[in-house]
């Protein structure tokens, strides 16, 4: 990758400003970057970290193009974790707070709609989710039905005899 040094996972090693040391003017963010914080802990490979890194790099590039200099290195802020587990059920973990259930599922939906960049996107997604929820139609953005048991996959080689 880019002919730069990488960590064990193959992510590019970057400086505190998310720049590749061996390639001036090249930034790496998200899952492709190996970012170590001031406290020596690595930034986790999660979407929230990638979003924060992208915002940081965007602001840094804009400032450099205007002739300014960024003095503050990237700093990751952990906002916690949320996940939908099934219809009307989600989990949330943030610091000491751990919660799950239907109310958490509503919070998850609200947070994700609120994070969309434009009001029309928020309305469109909200309406799609509500339609999917009440009509039980599938949606790629929301789990509108309870989880089902899935039969184990059959081995396609079943009954196959190796040849010599």
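In my numbering, the protein residues as written are 5 to 168.
The beta carbon of each residue, even a glycine, is placed where N, CA and C say it ideally should be.
Counting pairs of Cβ atoms below 8 angstroms between the region 72 to 85 and the region 29 to 43, do you hit three or more?
Short answer: they touch.
Please tell me whether residue 106 and residue 92 are closer than 7 angstroms, where the distance is taken between their beta carbons.
The count along the chain shown starts at 1 and reaches residue 106 at position 102. The count along the chain shown starts at 1 and reaches residue 92 at position 88. Yes, the pair counts as a contact, with Cβ atoms nearer than the cut-off.
Within 10 Å of its beta-carbon, does residue 66 have 16 or more other beta-carbons around it, so buried, or fewer, so exposed?
Counting from 1 along the chain shown, the entry for residue 66 is found at position 62. By the neighbour-count rule (16 or more Cβ atoms within 10 Å), residue 66 is not buried but exposed.
At the 7 angstroms Cβ level, is residue 29 part of the contact set with chain B, yes or no?
Among the protein chains of the structure shown there is no chain B, as only one such chain exists.
What alpha helix (DSSP H) runs, 4 residues minimum, are completely inside the region 25 to 98?
Runs of the alpha helix (DSSP H) inside the region 25 to 98: 51 to 69.
For residue 141 and residue 47, what's the separation of their Cα atoms in angstroms?
Looking up residue 141 in the chain shown gives position 137. Looking up residue 47 in the chain shown gives position 43. Going by the C-alpha atoms only, they are around 37 angstroms apart.
Measure how close the beta-carbons of residue 32 and residue 51 come, nearest whole angstrom, since I'm counting them as under 8 angstroms.
Along the chain shown, one-based indexing puts residue 32 at 28. Along the chain shown, one-based indexing puts residue 51 at 47. With 8 angstroms as the limit, residue 32 and residue 51 do not qualify as a contact, their Cβ atoms being about 16 angstroms apart.
Comparing C-alpha positions only, which one of 11, 89 and 57 sits nearest to residue 22?
To locate residue 22, count along the chain shown from 1; it is residue 18. Closest by alpha carbon: 57.
May I have the straight-line CA-CA distance separating residue 71 from residue 19, to the nearest angstrom?
Translated into positions along the chain shown, residue 71 becomes position 67. Translated into positions along the chain shown, residue 19 becomes position 15. C-alpha separation (whole angstroms): 20 angstroms.
Determine the closest residue to residue 109 out of 90, 74, 139 and 131, with distance taken between C-alpha atoms.
By 1-based counting over the chain shown, the position of residue 109 is 105. Looking at the Cα atoms, 90 is the closest of the given residues.
From residue 11 to residue 36, what does the alpha carbon distance come to, in whole angstroms?
Working through the chain shown from its first residue, we reach residue 11 at position 7. Working through the chain shown from its first residue, we reach residue 36 at position 32. If you take the alpha carbons of residue 11 and residue 36, they lie about 10 angstroms apart.
Looking at the secondary structure, which residues open and close the beta strand (DSSP E) in which residue 104 lies?
Looking up residue 104 in the chain shown gives position 100. Run containing residue 104: 101 to 105, per the beta strand (DSSP E) assignment.
Which residues bound the alpha helix (DSSP H) around residue 134?
For this step, residue 134 is matched to residue 130 along the chain shown. Residue 134 -> alpha helix (DSSP H) spans 123 to 139.
Quick check on residue 110: does DSSP put it in helix, strand or coil?
What you label residue 110 is simply residue 106 of the chain shown in a count that begins at 1. It is helical.
Compare the beta carbon distance of residue 101 and residue 86 with 7 angstroms and say whether it is the shorter of the two.
Counted from its first residue, the chain shown places residue 101 at position 97. Counted from its first residue, the chain shown places residue 86 at position 82. For residue 101 and residue 86, no; Cβs fall outside 7 angstroms.
If you compare alpha carbons, which of 7, 122 and 49 is closest to residue 25?
What you label residue 25 is simply residue 21 of the chain shown in a count that begins at 1. Ranking the options by Cα distance to residue 25, first place goes to 7.
Tell me whether residue 13 is buried or exposed, calling it buried when 16 or more other Cβ atoms sit within 10 Å of its Cβ.
Indexing the chain shown from 1 puts residue 13 at position 9. Classification of residue 13: exposed, given that the 10 Å Cβ count is below 16.
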